[in-house]
Amino acid sequence: KLLEKASNLSGGQRQRLALARALLHNTPIYIFDEATSNIDVESENEIINQIYKLAKTKTIIMISHRLANVVKANCIYALDNGKVVESGNHEELLRKDGVYYRLWSKQKELETYGIGGINNEAA
């Protein structure tokens, strides 16, 4: 049974419900601010794929600290201290070797570490 304000749902469940409700609106612009921050990896991948499908016919603004979620974006804006310091697509920003490149490299390093990178080094 769903309680008032969905108080008996987990954070991820509430987030998925909010996303589903937002997607039911037929609007020309959607803004997703950390849309998958409390969601498991499988659900996150499904949601990101749906957002990219939606982007074929709608304008999408996606705010994300997880750069893997914006790799396919037409234009990425990298911020530093609250200011836009770089813009371009994923490949262009990597070639600039700037803020985005450093963030991307650090996230990749952390992901490698998280899936056993440290154990692989010891082997």
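Every letter in the sequence shown is one number past the one before it in this note's numbering, and letter 36, counting from 1, is 26. Built from N, CA and C at the ideal position, the CB exists for glycine as well. It should be emphasised that the depicted structure is a prediction, and the values quoted were computed from it without experimental measurement.
Residue span of the beta strand (DSSP E) that contains residue i, given as start and end
i: residue 73; result: 73 to 78
Residue i in three-state terms, based on DSSP
i: residue 5; result: helix
i: residue 29; result: coil
i: residue 65; result: coil
i: residue 49; result: strand
Expected contact under 8 angstroms - CB spacing of residue i and residue j to nearest Å
i: residue 44; j: residue 20; result: 7 angstroms
i: residue 68; j: residue 76; result: 4 angstroms
i: residue 66; j: residue 90; result: 7 angstroms
i: residue 37; j: residue 49; result: Not confirmed; about 18 angstroms, so no contact.
Inter-residue spacing [alpha-carbon to alpha-carbon] between residue i and residue j
i: residue 30; j: residue 70; result: 28 angstroms
i: residue 95; j: residue 59; result: 15 angstroms
i: residue 103; j: residue 9; result: 31 angstroms
i: residue 4; j: residue -4; result: 7 angstroms
i: residue 74; j: residue 11; result: 31 angstroms
i: residue 51; j: residue -2; result: 30 angstroms
i: residue 83; j: residue 7; result: 33 angstroms
i: residue 85; j: residue 0; result: 40 angstroms
i: residue 97; j: residue 55; result: 10 angstroms
i: residue 35; j: residue 41; result: 10 angstroms
i: residue 32; j: residue 101; result: 16 angstroms
Residue i - containing alpha helix (DSSP H), residue span
i: residue 91; result: 89 to 102
Residue i: CB within 7 angstroms of a non-hydrogen atom of the ligand FAD
i: residue 23; result: For the structure depicted, the ligand FAD is absent and the ligand set is empty, with no information on it obtainable.
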